[in-house]
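Chemist: When you read off a place in the sequence shown, starting at 1, and then add 11, the result is the number in our numbering. Note that the Cβ used here is the ideal one computed from N, Cα and C, for glycine as well.
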Amino acid sequence: MKIGEILSIIGFMMAFSSYGQAPDSIRTFVMTEVVVGSEKLHSDTLQSFYQSNTSATTETILSRMSGVSLVRRGAYGQEPVLRGLSGGQINVTIDGMKIFGACTDKMDPVTIYVEPMNLSVIQALPGSQGGQFGSTIGGSLNMKLAEPLVGVPGIHGQAGIDYQASAGAVNAFSSANIARNTSAYRVNATFRKSNNYHAGGGDEVAYSQFQKLNVGASGKWVLGKFDTLQADAIFDQGWNIGFPALPMDVGTATAGIYSVGYKNSTPWWFFRDIRAKVYQNSIAHSMDDTHRENVPMHMDMPGKSTTTGGYLEGSVGIFREQKTTVKAEYYSNTLIGEMTMFPAEGPPMYMQTAPQTTRQNVGLYAQQQIKFSPKDKMQLSARADAFFDRMHDGIGSQQWEVFDNGLAKSTTRILKTANASFTHFISGNLQVDVQGGYGERIPTLNERFGFYLFNRLDGYDYIGDPGLKNETSWNAETTLSYFGRNTEFRLTPFFKTIDNYIMGRVVPDLTTMTIGARGVKQNENLAWARMTGVDMLVMFSPFKNVQLVSNNKYTYGTNSLNEAMPQIPPFKSVSSVRLQLAKFNAQAEYEWAAAQSHISSSFGEMKTASYYILNFRSGWKVNSSFQVNGGVENILDRNYREHLDWGGIPRPGRNFYFSITCKF
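(1) Looking at the structure shown, is residue 218 part of a helix, part of a strand, or coil, going by DSSP?
(2) Spell out the partners DSSP gives residue 240 in its beta bridges.
(3) How is the beta strand (DSSP E) around residue 539 delimited, first residue to last?
(4) Thinking C-beta only, is residue 156 closer than 8 Å to residue 130?
(5) Quick check on the DSSP output: the alpha helix (DSSP H) that includes residue 410 runs from which residue to which?
(6) Residue 221 and residue 86: beta carbons closer than 8 Å?
(7) Thinking just about the alpha-carbon of each residue, which of 175, 186 and 179 is nearest to the one in residue 169?
(8) Have a look at residue 324 and residue 446 and give me their C-alpha separation to the nearest angstrom.
(9) CB residue 562 to CB residue 588, shorter than 8 Å?
(10) Cα separation between residue 402 and residue 524?
(11) Closer than 7 Å by C-beta to residue 511: which residues in its own chain qualify, once you throw out the five before and the five after it? Chain order, please.
(12) Tell me the DSSP secondary structure of residue 73 in three-state form.
(13) With distances taken between CB atoms, is the gap from residue 572 to residue 493 smaller than 8 Å?
(14) Is residue 176 helix, strand or coil by DSSP?
(15) Tell me, which residues are paired with residue 319 by DSSP?
(16) Use the C-beta contact count for residue 76: other C-beta atoms within 10 angstroms, 16 or more gives buried, fewer gives exposed.
(17) Straight-line CA distance for residue 476 to residue 340?
(18) CA-CA distance, residue 26 and residue 164?
(19) Specify the secondary structure class of residue 80 as computed by DSSP and reduced to three states.
(20) Taking 6 Å as the limit between beta carbons, can you name the residues of its chain near residue 41, skipping five residues before and five after?
(21) Flag this pair as touching only if the region 117-135 and the region 250-265 have three or more C-beta atom pairs under 8 Å; answer yes or no.
(22) Does DSSP put residue 473 in a helix, in a strand, or in coil?
(23) Please state whether the Cβ-Cβ distance between residue 107 and residue 455 is less than 8 Å.
(24) So, for residue 11: in the same chain, excluding its five sequence neighbours on each side, which residues have a beta-carbon less than 6 Å away from its beta-carbon?
(25) Ordered along the chain, which non-local residues of its own chain (more than five positions away) have a Cβ less than 6 Å from that of residue 389?
(26) Can you tell me whether residue 581 is buried or exposed? The criterion is at least 16 other CB atoms within 10 Å of its CB, across all chains shown.
(27) Return the CA-CA distance between residue 354 and residue 308, expressed in angstroms with no decimal places.
(28) Starting from residue 511, follow its DSSP beta bridges and name the residues at the other end.
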């Protein structure tokens, strides 16, 4: 990174937000709370823990949340895992909006298209608790967009820049809120440029570079005493994105996310808090191997995913101690994945790895809250979904006729989700929550219709099965919580059973498409899979200015073949001690993960050794408008990998970082 480029970035970000600001408004414009289950965690201590530094990505924040892990195929595009489940087993939404990646190889999870500057809240709702955002067996991750602030006239915001030594990376960010008495506008931008990072010991990890730009804008208008209208738009583009664990990189990944929402809080009969939103988003993703060496045959692999939808929800309050929430929603998603092969001799060859297919969904959700006494309350929820899948006529459907001339191109399925929870306050500081539920999830379009999708981890080409059954699941968990003056403790053991578990099995009679592939697998339903685990969060403040946070998570899974479920992380603990003074803070962290020997060899997993790393972070508030942060991650320069890191690619080694933030 040249000095001229750095100065240009600083100039751009400062020009983007060159206004004046009142002091201490930064908390308004950064993500200031994380929601886990139904509990809001919004203290400065947890904020500092989850958002470990000013340049933290959405993925970094997710990785530090209870029950959440990441599948890492490179420094960019890490796929979220919620208690061992991922992909179509969980819902990932942006402000309740459905959005689906366009890459058939899962190189563009939804989380890469939003930045912390776009967000105010991340919700993690495991199991059937996540039914509010769609039918599910694994739960939901919902990323709520930050809203413009009305009623504080003036222009307020922040801008900053961060440098990471391990990859020679520069991250710049800015946001501004422009408010009047009856309207407000919020704009933000984030730019990231990262070179190849260096692993522990100094080895450079090739093809780990990336660049991206994210710009968001929103407006809110007060229509009346109880009515507001809001419009949001996000443009996100990444380019030159390396994936060291995969045979291809990404040329470009572009998303446009747009929505208009309406809120009405007028009590009308027994209805209140009515919310409506319509939205549209489009993702274009293009894999690229032109920068790779010794490529046997060049391939272009673009994909596109377009989603349009909307929802209407509101609260119904008839009785004083009860509250009912109802929601109706609809979306339509069209997905296509293409591949053009360029052999050394002969003309190009074209195929569709994901035939053009449209999925439509109509869902109804209801939640009932009942308060029996000051110490006891219950929450019941239920959801029903109708799915309509249609494969479009054309090359993609013709390909599938090779396997099944009687292929049903249009299908309809009805899915159900239900959950019940009971909370008892044992004392003023101690409570117990018991939850149980049932969930179903429809196979993804790629699981049903994917056509020779290469999995680098096990080396097989995968084809879908249009007749796959829905996965179904029963889940139960108990949470013991203690909230004291200086201590917060939360322990959650959980259990889940999955029937019709979807997994690829070898089909020896089929010929591979990918050069060098070991064979062909087809998705099929296994009889069952079982999961158990525990999440634990501890916060302790022995002194006024000292806080301890420890987040611990563990999951164990097996299937009906007596094999380990794939991509299940071992026990992991991240603990930090933070000293907070008036103008200075320092934070020491210890991250440790156990070895993982309970692996799925058939899925290509390798055993993973235990590791630990140490981090140190600090910050100095120069004045009300200027703050400097710095630190070092992986202080001991360990060469290590986590279990969900594909291809044995090591994580970054010792990394010094430094950031400057200006509030205005």
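Modeler: Walking through what the data contain:
(1) coil
(2) 232 and 273
(3) 530-554
(4) yes
(5) 406-411
(6) yes
(7) 186
(8) 24 Å
(9) no
(10) 22 Å
(11) 480, 481, 482, 483 and 536
(12) helix
(13) no
(14) coil
(15) 291 and 343
(16) buried
(17) 28 Å
(18) Interpretation of residue 26 is limited by its pLDDT of 36, a score under 50 that renders its predicted location unreliable; the figure taken from the coordinates is listed afterwards. So the two alpha carbons sit approximately 21 Å from each other.
(19) strand
(20) The pLDDT assigned to residue 41 is 33, lower than 50, so where the model puts this residue is not dependable, and the model offers no usable value.
(21) yes
(22) strand
(23) no
(24) The shown model of the chain, from 12 to 675, leaves out residue 11, and the question about it has no answer.
(25) 381 and 433
(26) buried
(27) 6 Å
(28) Residue 511 is not bridged to any residue.
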